[in-house]
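Under our numbering, think of the first position of the sequence shown as 1, with each following residue one higher. C-beta: ideal position from N, C-alpha, C; glycine also.
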Amino acid sequence: MSDSLEALLDKLLFTLRHGRIDQSVDLVQAWLKTARPGQVTALAKACPEQVRPQLTTLLRDVVSGFPDVLFGCPILIHAVPDIELDEPAPPCLWLPSLEASADQPCDGLQFEGWLPADAELPVSLFPHPFKPTVPVPWRTSTSGIALFRHDHTVCAEEAIDIPVEWWGNLFRSTPGKVRLLGRLLLPYPDALDAARALQAAARGESSLGSGVFLHDCEWARDSGLTFATECAREF
């Protein structure tokens, strides 16, 4: 860990142990302005285990923009090109953007774009809106994170529901056959952990341990394995 990260961690441990949450938030917000990708994870992993739950909660809230939280929906997608196309299939599928005239999933929830499963925190959330920059190789189960901005003044978190039909409309113009898994909304740092576990399991890669923010990833691994079995049967 670099000297600057070690100094920041020492300050955060002091403020957290003394219940100075406002000072902790100020420290993290100021640091995130210059933090490099991967440093949020490095900071969390360097924290002593007895204080780590407090620090990860703090980092999650600040990175997600509490109270108007930026949620992530981890998805797993398997795509096969359309063999009936008049032209050769593109080299990969790009996760789709939302047309300007299209409906949002529900009141108080706005689709912002995508993050790849290997994105490192902190991520740059600009330009706005995001571009569909996540490629999905054909016939290879791939994860991404659909980002949604939640306005807590319009609806409570527990009232959020993303209709299946909305996902269908989003992927309607996809040039191929698609199988999609994903409706669960999480703070987007947790969603990144879940997406990595989903993808690793679906691809038969080495099992991942617990995530930095999402400590229980077993459900994601189970879902990824089931998804892979269903794709093998369908395609």
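Here glutamine 110 carries a strand assignment [DSSP, helix/strand/coil].
Only residues of its own chain outside the window of five on either side were considered, and among them Ala194, Ala197 and Leu198 have a CB closer than 6 Å to the CB of alanine 220, listed in chain order. DSSP, read as helix, strand or coil, puts threonine 142 in strand. Residue pairing by DSSP places glycine 72 opposite Leu147 and Leu186 in a beta bridge.
Fully contained in the region 27-93 are the following alpha helix (DSSP H) runs of length 4 or more, in chain order: 39-46 and 52-64. Judged by DSSP secondary structure, glycine 224 falls within the alpha helix (DSSP H) whose first and last residues are 218-234. In this structure, the beta-carbon distance from aspartate 107 to valine 154 falls below 7 Å. Non-local C-beta neighbours of proline 122 in its own chain, meaning closer than 8 Å and more than five positions away in sequence, comprise Leu32, Ala35, Pro37, Gln39, Val40 and Val63, ordered along the chain. Arginine 149 is a Cβ neighbour of leucine 70, given a cutoff of 7 Å. The secondary-structure analysis by DSSP pairs glycine 176 across a beta bridge with Pro81. By the 16-neighbour rule on beta-carbons within 10 angstroms, histidine 78 is buried. Within 10 angstroms of the beta-carbon of proline 116 lie 16 or more other beta-carbons, which makes it buried. Leaving aside the five residues that flank tryptophan 167 on each side, the residues in its chain whose CB is nearer than 7 Å to its CB run, in chain order, Leu180. Distance from the CA atom of glutamate 99 to the CA atom of tryptophan 138, rounded to whole angstroms, is 24 Å. Within the same chain, and ignoring the five residues on either side of leucine 93 in sequence, the residues whose Cβ sits closer than 6 Å to its Cβ are Ala79 and Val136.
Annotation: isoleucine 83 to leucine 9 spans about 54 Å, alpha carbon to alpha carbon.
A Cβ-Cβ contact shorter than 7 Å links proline 189 with phenylalanine 213. Rounded to the nearest whole angstrom, the C-alpha separation of alanine 200 and alanine 156 is 32 Å.
In the DSSP assignment, valine 136 falls within the unbroken beta strand (DSSP E) covering 135-137. Excluding its 5 nearest sequence neighbours in each direction, proline 67 has C-beta neighbours in its own chain below 6 Å: His152, listed in chain order. Annotation: the continuous alpha helix (DSSP H) that includes arginine 17 extends over 3-17.
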